[in-house]
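First to last, the protein sequences are chains A and B.
Taking the numbering used here, the leading residue of the first sequence gets 89, the next gets one more, and so forth.
Taking the numbering used here, the leading residue of the second sequence gets 89, the next gets one more, and so forth.
These notes are about the structure you will find just below.
Number of protein chains: 2
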Amino acid sequence: LLGTAAGGGLPQWNCACVNCQAAREGSIPSRTQSSLAFSADGKHWFLLNASGDLRAQIEAFPALHPDPATLRNSPIQGVLLTNADLDHVLGLFQLREGGPLHVQAPLEVRVAITSALRLSKVLQPYCGVTWHEPPNRFAHLLFPDGTHSGLSYRAIPLPGHPPRFVSRGMLGVDGHSIAYEIADDQTGGTLLVAPDVAAITPALRDSIECADAILFDGTFWKGTELQEVRPGARSAREMDHLPISEGSLAALREAPAQNKIYVHINNTNPILAAASDERTQVEKAGIAVGYDGMEFEI
Amino acid sequence: LLGTAAGGGLPQWNCACVNCQAAREGSIPSRTQSSLAFSADGKHWFLLNASGDLRAQIEAFPALHPDPATLRNSPIQGVLLTNADLDHVLGLFQLREGGPLHVQAPLEVRVAITSALRLSKVLQPYCGVTWHEPPNRFAHLLFPDGTHSGLSYRAIPLPGHPPRFVSRGMLGVDGHSIAYEIADDQTGGTLLVAPDVAAITPALRDSIECADAILFDGTFWKGTELQEVRPGARSAREMDHLPISEGSLAALREAPAQNKIYVHINNTNPILAAASDERTQVEKAGIAVGYDGMEFEI
């Protein structure tokens, strides 16, 4: 896990809430914004979501450093996006010094990023972007040279709105958010990555019940959490995040996965405090609170 | 100085040059991308350029943290831009959680950022952006509420091209780069900030000879430096950076300023190595190699 916070990170630059202050004082760990890296061989890596903290995240994880044998290179093979939220895509701008950037995203996410953010046009004179659409049925995840990574993957479509920077006329109403299921072809082990979950659909529930490891939307504990810090803010549901206490805790508690981990945790979430009741409830359900630098094998 | 590296930082994610490797090994200090904060009273701060590393830079400098007395706030009053380069503007996206963002930029820089990067439209549903055009003659630098900051400022126009992500038809040929001169109204002390210098114009030379402190373009030591790491790369001149050994070292050597500091230093620049000949030449000329966290008063 390269980063485990929601947009803004922990601490957030303009926030003095109890969690942000505790992180500044060092009494709870700081967290960068949500992103992870995964690999079948430990040498070639894919990123899943790319936050504005990506530069620091790459430096914090030596497996993502270039090979010292040649001057310019990277083990990063591509980036998979779950949606077009700024905290998931701004890091793409930071990869502009390399070769063509291979990005996986559903069509509507791609349209949001290329039209509203002009990302492809901006990056064209630097690295350029090659887009891929993740399949809804398992298929091989390929390296940029077309060879097989040893991993298969599929998208699980989820309900959700486009980010606020996308004008409504630009896009249809579906396809703005997905989860990924990633499988190791050799071991058969599967990872479900679902950092943006507005609702647990039947297909997502099936995946929760089958996956060997689950990284799940831990943005909010309850629906009105952000409004208590910032009056006038939207509710968790309006932001397309199912709160932990209103559905995901119950769904994950029963799941047989060996690793069940909350990620994309907003700075307002009480599970960030080690001594909180909410943290205890999560841990008693067999779910871990993800932290930057956490690693596991499936 | 919040950050002292050119675009990409030190180390750069995909670079294994001698400086990037030394930074990874800890034998020379790492550097985030070019940005600085300045203040007349130590309480209200302006940023000058906003790189993608801004989140980490704010956390590394406690004076920029919010006041714990209220939940959401920031001592950051606005951002001054010298040009539209991605490594100077991507940080603006990271300030979206706050109130309206006050940005100072010449008209052509503003047009580049709003048209090619759509920054104003993207940020509109979050914080919104209020644009200001820096004057060519000294004027008061104002806080967002219209009161006087205690500082005056002016732009010094410089030659230079728009960044590569701007299509040529979009803009004229002038106005894409400026330096800033900032004066403390109480002490009269002046700071020249010039991280993007294609050529030392007569007006810039006048400022070099009068300023009490100078932060200057230290991107490259020599013109072909980047090409040696990445064949096919542009020369320093083509990138609108006057190399240190081809003009700025001589110009700064004679300047009477108390603080003469190179900033915006590319990872290829040999002045980054403490034992290099080039570093010795810079220090013998009375010029410091800026580092992240460096502070001074005028």
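Think of the CB as a built atom: it goes at the ideal place given N, C-alpha and C, for glycine as much as any other residue.
Residue i classed as buried or exposed, judged by whether at least 16 other C-beta atoms fall within 10 angstroms
{"i": "residue 284/B", "result": "buried"}
{"i": "residue 224/A", "result": "exposed"}
{"i": "residue 235/B", "result": "exposed"}
{"i": "residue 131/A", "result": "exposed"}
{"i": "residue 181/B", "result": "buried"}
{"i": "residue 155/B", "result": "exposed"}
{"i": "residue 150/B", "result": "exposed"}
{"i": "residue 378/A", "result": "buried"}
{"i": "residue 278/A", "result": "buried"}
{"i": "residue 248/A", "result": "buried"}
{"i": "residue 157/B", "result": "exposed"}
{"i": "residue 316/B", "result": "exposed"}
{"i": "residue 342/B", "result": "exposed"}
{"i": "residue 113/B", "result": "exposed"}
{"i": "residue 147/B", "result": "buried"}
Cβ-Cβ separation, residue j to residue i (assumed contact under 8 Å), whole Å
{"i": "residue 380/A", "j": "residue 91/A", "result": "6 Å"}
{"i": "residue 165/B", "j": "residue 226/B", "result": "Contact flag wrong, Cβ pair sits at about 18 Å."}
{"i": "residue 286/B", "j": "residue 246/B", "result": "6 Å"}
{"i": "residue 349/B", "j": "residue 303/B", "result": "5 Å"}
{"i": "residue 201/A", "j": "residue 207/A", "result": "5 Å"}
{"i": "residue 133/B", "j": "residue 127/B", "result": "5 Å"}
{"i": "residue 268/B", "j": "residue 124/B", "result": "About 10 Å separates the two Cβ atoms, so there is no contact after all."}
{"i": "residue 162/B", "j": "residue 219/A", "result": "About 36 Å; that fails the 8 Å criterion."}
{"i": "residue 373/A", "j": "residue 116/A", "result": "About 20 Å; that fails the 8 Å criterion."}
Beta-carbon gap between residue i and residue j smaller than 9 Å
{"i": "residue 153/A", "j": "residue 99/B", "result": "yes"}
{"i": "residue 103/A", "j": "residue 185/B", "result": "yes"}
{"i": "residue 375/B", "j": "residue 330/B", "result": "no"}
{"i": "residue 276/A", "j": "residue 175/A", "result": "no"}
{"i": "residue 280/A", "j": "residue 266/A", "result": "no"}
{"i": "residue 210/A", "j": "residue 253/B", "result": "yes"}
{"i": "residue 360/A", "j": "residue 107/A", "result": "yes"}
{"i": "residue 318/B", "j": "residue 159/A", "result": "yes"}
{"i": "residue 171/A", "j": "residue 251/A", "result": "yes"}
{"i": "residue 305/B", "j": "residue 321/B", "result": "no"}
{"i": "residue 383/B", "j": "residue 89/B", "result": "yes"}
{"i": "residue 255/A", "j": "residue 193/A", "result": "no"}
{"i": "residue 144/A", "j": "residue 243/B", "result": "no"}
{"i": "residue 347/B", "j": "residue 386/B", "result": "yes"}
{"i": "residue 179/B", "j": "residue 135/B", "result": "yes"}
{"i": "residue 197/B", "j": "residue 264/B", "result": "yes"}
Cβ-based neighbour list, residue i, same chain, cut-off 7 Å, excluding 5 preceding and 5 following
{"i": "residue 273/B", "result": "238, 239, 240"}
{"i": "residue 93/B", "result": "119, 120, 121, 122, 353, 355"}
{"i": "residue 364/A", "result": "358"}
{"i": "residue 333/B", "result": "309, 310"}
{"i": "residue 335/A", "result": "288"}
{"i": "residue 129/B", "result": "238"}
Any non-hydrogen atom of the ligand SAH within 8 Å of residue i CB
{"i": "residue 169/A", "result": "Summarising the ligand content, the structure contains no ligands, and the ligand SAH is consequently not present."}
Other residues of its chain near residue i: CB distance less than 6 Å, five sequence neighbours each side excluded
{"i": "residue 216/A", "result": "188"}
{"i": "residue 111/A", "result": "98, 99, 118"}
{"i": "residue 271/A", "result": "240, 278"}
{"i": "residue 141/B", "result": "91, 120, 121"}
{"i": "residue 369/B", "result": "none"}
{"i": "residue 262/B", "result": "none"}
Beta carbon proximity, residue i to chain C, threshold 9 Å
{"i": "residue 361/B", "result": "The question asks about chain C, but that chain is absent: this structure's protein chains are A and B."}
Cβ-based neighbour list, residue i, same chain, cut-off 8 Å, excluding 5 preceding and 5 following
{"i": "residue 312/B", "result": "323, 324"}
{"i": "residue 173/A", "result": "95, 251, 284"}
{"i": "residue 388/B", "result": "Past the edges of chain B, shown from 89 to 386, lies residue 388/B, and the structure says nothing about it."}
{"i": "residue 109/A", "result": "99"}
{"i": "residue 105/B", "result": "317, 355, 356"}
{"i": "residue 221/A", "result": "192, 193, 194, 195, 198"}
{"i": "residue 214/B", "result": "184, 185"}
{"i": "residue 314/A", "result": "308, 321, 322, 323, 324, 327, 354, 356"}
field: Chain-ordered residues of the region 121-141 of chain B with a beta carbon less than 7 Å from chain A
entry: Identification of residues in the region 121-141 of chain B having a C-beta nearer than 7 Å to some C-beta of chain A yields 140, 141, given in sequence order.
task: Check distances from the C-beta atoms of the region 143-174 of chain A to those of chain B and list, in chain order, the residues that come in under 9 Å.
output: Listed in sequence order: 143, 144, 146, 147, 150, 152, 153, 154, 155, 156, 157, 158, 159, 160, 161, 162, 164, 174.
message: Against chain B, which members of the region 185-198 of chain A pass a CB distance test of less than 7 Å?
response: Here the close residues are 185, 186.
- prompt: Using a Cβ cut-off of 7 Å, which residues of the region 94-109 of chain A contact any Cβ in chain B, in chain order?
  reply: Against chain B - using a Cβ distance shorter than 7 Å - the residues of the region 94-109 of chain A are 96, 97, 99, 100, 101, 102, 103, 104, 105, 109.
field: Chain-ordered residues of the region 310-327 of chain A with a beta carbon less than 8 Å from chain B
entry: Flagged, chain order: 317, 318.
query: Taking Cβ-Cβ distances below 9 Å as the criterion, which residues of the region 205-221 of chain B are in contact with chain A?
result: Against chain A - using a Cβ distance shorter than 9 Å - the residues of the region 205-221 of chain B are 205, 206, 209, 210, 211, 212, 213, 214.
Near-chain A residues of the region 333-359 of chain B - C-beta to any C-beta below 9 Å: So the list is empty, because no residue satisfies the distance condition.
message: So if I threshold CB-CB distances at 7 Å, which residues from the region 238-268 of chain B count as touching chain A?
response: Correct list: 252, 253.
- prompt: Which residues, in chain order, does the region 368-386 of chain B contribute to contact with chain A at a C-beta distance below 8 Å?
  reply: Within the region 368-386 of chain B, no residue has a Cβ lying closer than 8 Å to any Cβ of chain A.
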